[in-house]
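Note sheet for the following structure.
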Amino acid sequence: MGKRVLIVDDAAFMRMMIKDILSKNGYTVVGEAENGNVAIEKYKELKPDLVTMDITMPEMDGIAAVKEIKAVDPAARIIMCSAMGQQAMVIDAIQAGAKDFIVKPFQPERVIEAVSKALV
Numbered sequence: 001m002g003k004r005v006l007i008v009d010d011a012a013f014m015r016m017m018i019k020d021i022l023s024k025n026g027y028t029v030v031g032e033a034e035n036g037n038v039a040i041e042k043y044k045e046l047k048p049d050l051v052t053m054d055i056t057m058p059e060m061d062g063i064a065a066v067k068e069i070k071a072v073d074p075a076a077r078i079i080m081c082s083a084m085g086q087q088a089m090v091i092d093a094i095q096a097g098a099k100d101f102i103v104k105p106f107q108p109e110r111v112i113e114a115v116s117k118a119l120v
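Be aware that the sequence shown starts at 1, since it is given in the UniProt record's numbering, and climbs by one per residue.
Okay, structure coming up:
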């Protein structure tokens, strides 16, 4: 079985895109969440090997969710996803404990590179 991934993004279309890229490359998508609150619950429940986390979401943003997940599991592996022009947020995310970030629109090669690096 491939590495288990939780996808967090408020846009169903983006979740579908990442899921498609990961599935084609041997990863198992074990869950999806549409905001940070759901992400934390799903993380505790599913204990994935990796999380892809959108930064800008309703209810709880990705950076707050990273901090919460890291508090629950300091070894959590999280990759941030952001649109262009969110560099300051990306720095916050890395400081919060994210391993890497990928920029939307997603380049499949870059997604796989970030995921495989984070899982080493």
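All C-beta atoms, glycine included, are put in the ideal place defined by N, C-alpha and C. Source: prediction; values computed, not measured.
Considering only the alpha carbon of each residue, which of Lys3, Val115, Asp49, Met60 lies closest to Asp9?
When each option's Cα is compared against that of Asp9, the closest is Met60.
Assign Ser82 to buried or exposed, taking buried as 16 or more other Cβ atoms, counted over all protein chains shown, within 10 Å of its Cβ.
Label assigned to Ser82: buried.
Around the C-beta of residue 123, are 16 or more other C-beta atoms found within 10 angstroms, so that it is buried, or is it exposed?
The chain is shown from 1 up to 120; residue 123 falls before or after that span and cannot be answered.
Report the residue from Ile112, Glu41, Ala118 whose alpha carbon sits nearest the alpha carbon of Asn25.
Out of Ile112, Glu41, Ala118, Ile112 has the C-alpha closest to the C-alpha of Asn25.
For Ile94, list the residues DSSP reports as bridge partners.
DSSP lists no partner for Ile94.
How is Arg4 classed by DSSP in three states: helix, strand or coil?
If DSSP states are grouped into helix, strand and coil, Arg4 belongs with the strands.
In whole angstroms, what is the alpha-carbon distance linking Leu119 and Ala96?
Distance between the alpha carbons of Leu119 and Ala96: 18 Å.
Which term fits Glu45, buried or exposed, when burial requires 16 or more other beta carbons within 10 angstroms of its beta carbon?
Glu45 comes out exposed.
Can you tell me whether Met17 sits near the ligand MN, meaning its C-beta is under 7 Å from at least one heavy atom of the ligand?
Absent from the structure shown: the ligand MN. Ligands present: none.
Note down the Cα distance separating Met57 from Lys117, rounded to an integer number of angstroms.
So the alpha carbons of these two residues sit roughly 25 Å apart.
Going by DSSP, which residues form a beta bridge with Met53?
Val8, Met80.
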